[in-house]
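Data first, discussion second: the structure below is written as structure tokens.
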Amino acid sequence: MKNFQSIASTYRCKRAKADGLIQVFNEHSYVMAEYNDRTGDVRWLRVVLATQKASVEQWLAEQYPVQVRKPAVVAPTTPVRRKA
């Protein structure tokens with residue numbers, strides 16, 4: 572299949588078109604999980620063995636590290652002084 576990266580012999584992933592999500596598929600092309608590379612969260616949609624879950628989550632964190640966005644710079648405001 573096109574544009575897929577192999578995670579292990581039974582899993583592969585593909586970046587979704589929007590929202591910074593990476594979808595994890597099994598060998599039958601079922602979506603198993605979604606990884607958000609902005610937050611580092613993995614949302615599992617199907618039941619997976621704990622050992623497989625840990626290895627997939629580790630692989631995703633290594634291949635797609637969390638993208639830290641720099642906060643927008645806001646110009647400091649000067650306090651308004653009131654006359655007494």
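Going by this note's numbering, the sequence shown opens with residue 572, and the numbers climb by one from there. Even for Gly, the Cβ is constructed at its ideal location relative to N, Cα and C.
Around Q638, the same chain offers D608, R609 as residues with beta carbons nearer than 7 Å, after the five sequence neighbours per side are excluded.
Between the alpha carbons of L631 and Y606 lies a gap of roughly 7 Å. Annotation note: the region 590 to 648 contains the following uninterrupted alpha helix (DSSP H) runs of length 4 or greater, listed N- to C-terminal: 621 to 634. Taking the C-beta atoms as reference points, Q594 is found nearer than 8 Å to K585.
Per DSSP, the unbroken beta strand (DSSP E) holding K585 starts and ends at 582 to 586.
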